[in-house]
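Single-structure report; data block below.
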Amino acid sequence: MAMPYLAFSQIIEVVGSVVDETGEPVPAVVTIYASNSEEPLSAVRADFDGDFRLQIDEPGSYKVSLEMFGYETLWRRDIRLSLGDREVLGNLVLQPDANTISEIEIIEDQPDALMGLDKRVFTVTDEVNTRGGQAADVLNNIPSVNVDLDGNISLRGNSNVRVWIDGRPSTLIGMDDQSALQQIPASMIERVELITNPSAKYDADGTGGIINIITKKDRRRGWSGNVAGSIGTNNKYDANAFLSRREGAWTFFAGYGYNNNYRDGFGYDYRTNYLPDTTFSIRSDEESFRRNESHNIRLGADWSMTDADVISFSTNWNTREGNSPEFADYLNTSQGEVVTSSYRDVNEVRNRTNSDFALHYEHDAERENKEKWVADLSYSRTIDDDFQDIAWVFNEYDNSTDSLPNVYQQFPETELEQMIVASFDYERNFGNWGRMELGWKSIWNTSDEVRDAQIRYEESEPFIDDTLRSNAFYFKQNIHAVYGNFGMQLSNRWKAQVGLRFEQAFTGGIARGVEYPNNYFNVFPSGFLTYSIAENQEMQLSYSRRIDRPSEWSLNPIIDYEDPQNLRSGNPNLQPEYINSSELSYIWYYPGGSISGAVYYQYATNVFTRFRRILPDGRSLTTFENLRERIRTGGEFTATGKFTSWLSGRANLNLYQSFIVADNLQEDLNQNGFSWFTRVSAMIDLPWELQSQLTYNYQGAEPTGQGFRQAITSLDIAFSRDFLNDQLNVGLRVSDVFNTRQWEYSVNAMDFNQDFFRKRESRILYLSLTYRFGIQDKSKSDRPGGGGEGGGDDF
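Here this note's numbering is used: the first residue of the sequence shown is 35, the next is one more, and so on.
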């Protein structure tokens with residue numbers, strides 16, 4: 035046991051922050067040498083906050099270099115270190131290199147991808163085809179991420195991914211993931227973090243991992259802000275404004291966003307039922323229209339009480355209203371003859387209002403006593419009001435009109451959701467021994483949904499209450515967790531982190547007086563082992579265990595009769611899904627870009643799936659079930675680079691094999707198949723200071739629980755130009771140039787076959803304007819205490 039102690043006791047730390055002359059962080063390469071040598075002893079890349087930590091194991095005299103393309107190399111010499119020392123270099127300011135200043139105007143001065151201990155980070159500020167767009171457009175440019183036509187997100191093909199905003203789940207600011215993607219403007223996003231194997235510090239929810247959207251924050255003094263707006267074909271409008279003021283110990287900010295989006299769509303659903311005594315087919319052809327209008331207001335303030343203590347308060351209010359008319363024709367046939375012909379006319383109106391409040395206190399005293407702690411408290415309240423008006427009418431020429439009366443229905447619905455979150459996180463740096471993280475988090479969440487149903491069979495009759503189709507469902511979910519992480523520098527090149535998260539969940543629902551409790555305790559381990567091959571190359575082996583908890587919608591057992599031919603219900607006996615993920619990754623930074631790759635293995639049990647059954651009367655019932663297991667093995671490759679003074683690009687390729695075992699639901703219901711997706715993006719500088727970007731996406735066909743989803747492909751193109759000393763930007767972009775984005779799948783089950791197709795409006799022309807303004811003191815970054823220490827490669 036003495037050998038590890040001797041190894042750790044020799045470690046010495048050098049920490050600091052790298053910024054440019056305006057105070058903005060720079061992810062420079064930081065290298066340490068012995069004072070009398072040119073042979074590097076250790077090197078790291080500063081993270082996107084500019085923070086770095088170097089560790090060595092011998093006392094002596096050293097020198098440190100900071101290098102970044104487009105800047106002069108900065109040296110700090112004659113640094114004398116003894117055993118146990120922790121040398122704080124503070125803010126290190128890089129100056130532009132006069133010999134390459136003309137190139138800096140063309141070539142991005144920061145890498146657009148970095149790999150930290152438990153995340154990959156992508157800058158997005160220079161993406162041409164996201165200007166004037168929303169967060170969904172940004173994510174559709176990130177390697178491994180896909181956003182479908184309905185705003186559903188997947189990471190490496192796994193749709194059970196969580197979206198965070200500035201380190202907080204989107205649900206804590208009153209938005210589901212789709213709402214967050216629609217209401218956050220692309221102009222406010224600085225970078226995106228992909229956390230495919232989150233450590234024990236993070237919430238365990240999300241078997242696909244976490245996508246953390248980091249918004250822009252100006253560290254400079256004075257006023258700053260921007261105003262942006264866009265207009266799209268077929269009645270699409272977007273506008274947003276942001277203003278911040280930083281003076282002394284105070285920072286105030288305010289933001290407003292407006293979005294008005296209209297999209298139409300069409301599709302069909304063709305199903306053949308094989309019943310014991312007959313075979314018949316049902317075909318529906320659908321047209322749909324969706325309009326959503328939203329307003330979002332956010333206010334907040336930060337107060338730096340001391341160099342080590344900051345308290346923040348923010349509040350967010352958003353409202354969204356929309357309507358979704360839908361019209362569908364139905365044709366039932368048997369042995370080639372028409373049995374019934376009908377249509378369904380639906381008009382849905384929805385209003386959502388949310389308010390949330392958050393209080394944040396941070397004590398960061400690493401310079402004095404190597405510790406940091408953070409306390410958070412937040413409250414969110416969301417009210418959803420929904421009203422559906424449905425007419426199901428049979429055509430007069432049908433022989434069966436007498437036995438199948440017309441049906442007119444109304445479904446007024448109200449849902450109140452409230453959430454309280456409290457957490458405390460503590461970090462302690464032990465210098466020679468390593469770094470420890472401890473924390474606690476509790477979430478109290480309730481949802482109370484009441485859906486009344488009314489029905490009539492003639493338009494001249496009054497509506498009467500329909501108790502069969504009425505629905506009242508109360509759901510609560512309280513989760514209490516504690517965690518611990520411990521990281522250590524094993525040598526100059528090796529570092530490791532291990533962690534455990536303990537969670538107790540108290541969940542349950544009440545429907546029509548029947549309770550469905552489900553309480554469970556879990557342990558979620560995580561581990562990371564990183565090897566620094568050279569100053570610009572790194573490998574990492576990681577593991578984590580995670581969970582996907584059933585939502586109230588998937589648990590509610592009361593049948594939804596909105597579409598009488600295709601019924602839906604939840605499953606109160608649905609159990610959580612668990613996944614064990616392992617990954618080996620590699621990244622190489624080279625001048626102007628990076629190359630990264632990964633191989634991964636994911637083993638999931640109790641996997642959620644939508645499962646469709648055919649009822650004796652020929653109608654279908656779709657519910658949720660736990661299939662036995664799913665195994666996914668895959669590999670990923672990503673490359674970014676600047677090829678010439680006018681051409682740069684990014685390419686991503688992901689290949690994976692899926693094995694789905696669902697024989698617990700139906701005999702021999704097992705699926706396996708190979709799938710892949712790729713995204714290639716090229717940024718081209720044209721004459722007259724015009725920028726352009728082309729992005730191609732392809733998602734291969736993929737097996738589902740009962741069938742296969744077909745391939746999806748699209749091409750986007752965008753142009754952009756700056757005016758007025760780069761304060762004004764004008765952008766023009768076209769999404770899905772060839773109008774090929776559509777969604778279709780097929781099912782081959784024991785008692786039915788089905789082909790499903792949906793096409794929503796996707797080829798859209800946008801014109802956008804963005805104006806940036808502010809009077810700022812660019813001479814200093816004004817970070818309390820001279821800047822944080824540690825960073826993305828911290829333990």
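Note that beta-carbon positions come from the ideal geometry of N, C-alpha and C, so glycine has one too.
Predicted, not measured: the structure shown is a model, and the values here were computed from it.
Nearest-angstrom Cα separation, counted from residue j out to residue i
i: A530; j: S616; result: 15 Å
i: S412; j: R225; result: 24 Å
i: F677; j: D379; result: 55 Å
i: I140; j: G626; result: Because I140 carries a pLDDT of 31, less than 50, the predicted location of this residue cannot be relied on, and the following value inherits that uncertainty. Cα to Cα, I140 sits roughly 12 Å from G626.
i: W884; j: R806; result: The chain is shown from 35 up to 829; residue 884 falls before or after that span and cannot be answered.
i: S679; j: P203; result: 40 Å
i: R79; j: E101; result: 9 Å
i: T738; j: S389; result: 37 Å
i: I247; j: F791; result: 32 Å
i: P559; j: Y550; result: 29 Å
i: V48; j: R120; result: 6 Å
i: A506; j: I593; result: 11 Å
i: T435; j: S376; result: Caution is warranted here: a pLDDT of 44 is assigned to T435, below 50, making its placement in the model unreliable, and the coordinate value is therefore given only provisionally. So the alpha carbons of these two residues sit roughly 10 Å apart.
i: N260; j: L393; result: 26 Å
i: L450; j: V484; result: 9 Å
i: D363; j: E795; result: 20 Å
i: Y304; j: S619; result: 43 Å
i: L655; j: I648; result: 6 Å
i: I46; j: I66; result: 12 Å
i: F832; j: T657; result: The chain is shown only over 35 to 829; residue 832 falls outside these bounds and no answer can be derived.
i: D85; j: N552; result: 44 Å
i: G808; j: P359; result: 44 Å
i: D54; j: G124; result: 13 Å
i: V122; j: A77; result: 16 Å
i: L689; j: F711; result: 7 Å
i: G631; j: T672; result: 6 Å
i: A568; j: E73; result: 12 Å
i: F520; j: T643; result: 36 Å
Proximity below 8 Å, CB of residue i to CB of residue j
i: L75; j: N526; result: yes
i: G669; j: V633; result: yes
i: V781; j: Q725; result: no
i: Q571; j: W622; result: yes
i: D398; j: A342; result: yes
i: L215; j: A273; result: no
i: S457; j: W478; result: no
i: L803; j: A262; result: yes
i: E355; j: E396; result: no
i: G94; j: A68; result: yes
i: Y296; j: D319; result: no
i: V197; j: I245; result: yes
i: R384; j: D423; result: no
i: R662; j: N706; result: no
i: E405; j: R325; result: no
i: V62; j: L128; result: Sequence inspection shows Ala at residue 62; the Val mentioned does not correspond to that position. Result yes, Cβ atoms of A62 and L128 sit closer than 8 Å.
Distance between beta carbons of residue j and residue i, contact taken as under 8 Å
i: G734; j: S709; result: 5 Å
i: S692; j: R713; result: The Cβ separation is near 20 Å, so there is no contact.
i: Y96; j: L117; result: About 14 Å separates the two Cβ atoms, so there is no contact after all.
i: I581; j: P610; result: 5 Å
i: V373; j: F314; result: 7 Å
i: Q599; j: R653; result: 6 Å
i: N366; j: D785; result: Contact flag wrong, Cβ pair sits at about 17 Å.
Chain-order list of residues whose beta-carbon lies under 8 Å from that of residue i (same chain, five-residue window excluded)
i: T249; result: I199, D200, I218, M222, I223 and E224
Cβ shell of residue i (< 6 Å), same chain only, five flanking positions each side left out
i: H514; result: S476 and Q538
i: Y442; result: A425 and R490
i: S188; result: N180
i: Q511; result: N479 and T541
i: F536; result: V516 and V557
i: Y637; result: N614 and I665
Neighbourhood of residue i by C-beta, 7 Å cutoff - its chain only, sequence neighbours within 5 removed
i: S769; result: D750, S796, R797 and I798
i: F391; result: T349, S412 and Y413
Do the stretch 757-774 and the stretch 271-284 make contact, defined as three or more Cβ pairs closer than 8 Å?
Because the criterion of three Cβ pairs below 8 Å is not met, the stretch 757-774 and the stretch 271-284 do not touch.
If we count Cβ pairs, one from each stretch, closer than 8 Å, do we get three or more for the stretch 229-247 versus the stretch 342-351?
no
Count the C-beta pairs between the stretch 766-777 and the stretch 742-756 that are closer than 8 Å, then say yes if the count reaches three, no if not.
yes
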